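Have a look at the structure below before the remarks.
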Amino acid sequence: MLSFIARRVGLLIPTFFGITLLTFALIRLIPGDPVEVMMGERRVDPEMHAQAMERLGLNKPLYAQYFDYIGQLAHGNLGESLRTRTSVWSEFLNLFPATLELSIAALLFAGVLGLLAGVIAALKRGSLFDHGVMGISLAGYSMPIFWWGLILIMFFSVSLGWTPVSGRIDLLYDIEPRTGFMLIDTLYSDDPGAWLDALKHLILPAIVLGTIPLAVIARMTRSSMLEVLREDYIRTARAKGLSPVRVVFVHGLRNALIPVLTVFGLQVGTLLAGAVLTETIFSWPGIGKWLIEAIGARDYPVVQNGILLIACLVILVNFVVDILYGLANPRIRHQR
Amino acid sequence: MALLDINNLSVRFGDKNAVPVVDGLSLTVERGEVLAIVGESGSGKSVTMMALMGLVDAPGIITADSMQFDGNDMLRLGRRQRRKVVGKDLAMVFQDPMTALNPSYTVGFQIEEVLRAHLGLTGKAARQRALELLRKVEIPAPESRLDAYPHQLSGGMSQRVAIAMAIAGEPKLLIADEPTTALDVTIQAQIMELLLSLQKEQNMTLILITHDLAVVAETARRVCVMYAGQAVELGQVPQLFDEPAHPYSEALLAAIPEHSQGAARLATLPGMVPGRYDRPHGCLLSPRCPYAQANCREQRPALDPKRQSLARCFYPLNQEVA
């Protein structure tokens, strides 16, 4: 297990450099620079422009800028935003809980519903339910997120008025940030309506963000479950006189979960990509919206380090999933 | 009363008119006896026992006049009621031990599960009993095996664990479905010995499904020979080997390699087991039978209990002319 972890960590180093190089290059490939964007529509005085660029260190050759950047990272310094002059790290910490809350809600939605739908579809293979779930999940997987979000807003928020259109909580409530999780912070609030309001704000974005993972998990669970249900040990479990629920969930799902878990880990990357779109549609004040705005402003440090932080997160989650995979599958755990 | 009394059992897959996989099988097994069911692959041996265990799934259709086990008609028992019998009084050991155990759980967990479900044992008591069971199936160092996962065990060891699981509820009837087929020859004898000693010790009834006639000769007292879903002969062990009444039994015995010593080729029966499209109108063996007469091709013989030896044949072999 230890050497397994060491090998995984060793792989991280080239990945890390790859990410820094990519974000560094990509943001500079977009026409325009931070100074130009800040100056706006007005003609930029070339001299002032040059001065500003020099102050930001953006007049140096690209390789020098890159080495500056890496040097900075080596000191654990993520730099500060060109717009707000606050450190990227503190901005990230500030906004990340919102994204995390949204992502957890989306994954819960996708995981619980996906597993359930997948298991039932497998048990009732070939039934109307099976075909229905598989059809819907294919549609869900193929749906553009932004379009799906807008449709839901139009239907549930605009026509029916059930849920708010955007944001995390109504402006009426003044919530003191303690954990950054609105559903927890509102519990400390004196107003009992605040929690419900926060929940209402969370539902639609969570559904939108969870749709693709839901579809993937449902399909994966179904096929994995179908395979497992044919195994001899399922017959053994039934021959023991165990209840069908125990046979399906304890003996079946436990084994079927192993491949689903891998997919689940891979979905975290997709999820954060989806969060960028979802947060923009729902004006959700998380890191997705933050990054979009930073790209618009050519806020180089925010874009570079924001993406780097997200990438580290995805790597971390996959790392955890790999370990969980080992825990779920004793045949891997005992390997050298 | 007999422990097991199956009456006219048929199993079909698909619809009611499909060709039966098990065709009108009747079988009585007394308490404490060892019965062997022999026949080639696809003759319906396993399916018969799976039907009894309630392990035949849709699209399988089971019909029978009755399927009495220990005073219960398994056919008419509710699911919940049946689960109380299956795994406890009625247990089964399967063919391939390497796939019959759940790879995600320890040996101890899988044995204790039976103890919890049927005997209400939990915690320390269950673990203690699981340990005793591992000792009973002669697993060396049982304490360390309780926490082992199936992939850490050899095939023979796994089969011993599967047997421990099956006898955990102290079954009245143990069905062993080709329990040694997937094992090495040296292990085969050990497993058979274990099954027989457990059978004697607990005065358990044992049904042994096999196609190994040598095993039958050594272990069973009574044999049921199956062909194409029908029981074609029921006989006592030495007699059936010495004087088979049914031509198919005779052919099976002739196919034992030792019986063909000196011959250039192994004796075989020409042709194939009839399938779904070439099922004969008359006796199912008639297209392959060297003794077949005209009426064999027209009518199907019944298994007539009034005859001296039970064979489904119009012209049984080795019969003394009365």
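Residue numbers (full-length UniProt numbering), protein chains in the order written: chain A, 1 to 336; chain B, 1 to 322. Glycine included, C-beta positions come from ideal geometry on N, C-alpha and C. Since this is a predicted model, take the numbers as computed values, not measurements.
The three-state reading of DSSP puts B/Ala162 in helix, counting H, G and I together. For the 9 Å CB-CB criterion, A/Gly180 and A/Phe96 form a contact.
With a threshold of 9 Å between beta carbons, A/Ser243 makes contact with chain B. Residue-level contact by beta carbon fails for A/His131 and chain B, as no gap is shorter than 9 Å.
Using a Cβ distance threshold of 9 Å, A/Gln65 and A/Phe24 count as a contacting pair. Cβ-Cβ distances below 7 Å link A/Ile120 to Phe129 in the same chain, with the five nearest sequence neighbours on each side left out; the list follows chain order. The continuous alpha helix (DSSP H) containing A/Pro46 extends over residues 46-55. With 16 or more other Cβ atoms inside 10 Å of its own Cβ, B/Phe94 counts as buried. Nearest C-alpha to A/Val216 among A/Ala139, A/Gly126, A/Asn318, A/Ile169: A/Ala139. Annotation for B/Leu253: Leu213, Phe241, Pro244, His259 place their beta carbon closer than 8 Å to its own, counting only its chain and skipping 5 residues before and after. Counting only Cβ-Cβ distances below 9 Å, B/Asp96 has contacts in chain A at Asp232, in chain order. B/Ser66: member of the beta strand (DSSP E) spanning 66-69, first to last residue. When Cβ-Cβ separations below 9 Å define contact, B/Met165 makes contact with chain A. Annotated three-state conformation of B/Tyr149 is coil, per DSSP.
Neighbours of B/Ala100 in chain A, taken as residues whose beta carbon is under 8 Å from its own, are Asp232, Tyr233, Arg235, Thr236 in chain order. Residue contact with chain B for A/Ala98: absent (no Cβ-Cβ distance below 9 Å to any residue of chain B). Membership of B/Leu25 in the beta strand (DSSP E) is indicated by the continuous run 20-29. B/Ile175 places its beta carbon less than 9 Å from that of B/Met92. Look at the beta carbons and you see the stretch 219-234 of chain A not touching the stretch 147-167 of chain A: under three pairs across the two are nearer than 8 Å.
Within chain A, the C-beta atoms nearer than 9 Å to that of B/Lys84 come from Gly241, in chain order. A Cβ-Cβ separation of about 20 Å leaves A/Leu202 out of contact with A/Leu313 under the 8 Å criterion. Against B/Gly87, the close residues of chain A are Arg238, Ala239, Lys240, Gly241, Leu242, in the order they occur along the chain (beta-carbon pairs closer than 9 Å). In terms of Cα proximity to B/Glu30, the closest of B/Val22, B/Ile6, B/Lys45 is B/Ile6. Of the residues assessed, B/Ser10 falls on the buried side of the cut-off, its CB having 16 or more other CB atoms within 10 angstroms. For A/Met225, the enclosing alpha helix (DSSP H) has its first and last residue at 193-229.
From the listed residues A/Phe146, A/Ile145, A/Leu116, the smallest Cα separation to A/Val133 is found for A/Leu116. The C-beta distance from B/Gly54 to B/Arg82 rounds to 5 Å, short enough to fall under 8 Å. Closer than 9 Å to the CB of B/Val22 there is not a single CB belonging to chain A. Taking C-beta atoms under 8 Å as the contact rule, B/Tyr248 and B/Val215 fail to qualify, at a distance of about 19 Å. For A/Arg254, at least one C-beta of chain B is nearer than 9 Å to its own C-beta. Where B/Asn8 is concerned, the enclosing beta strand (DSSP E) starts and stops at 4-13. Around the Cβ of B/Ser104, a 10 Å sphere holds 16 or more other Cβ atoms; the residue is buried. Comparing alpha-carbon positions, the option among B/Asn102, B/Asp184, B/Val86, B/Gly229 lying closest to B/Pro171 turns out to be B/Val86.
With a threshold of 9 Å between beta carbons, B/Pro179 makes no contact with chain A.
Chain-ordered, the chain B residues with CB closer than 9 Å to the CB of A/Pro330 read Pro103, Ser104, Tyr105, Thr106, Tyr149, Pro150, His151, Gln152. The distance from the Cβ of A/Thr278 to that of A/Gly269 is about 15 Å, inconsistent with a contact at the 8 Å cut-off.
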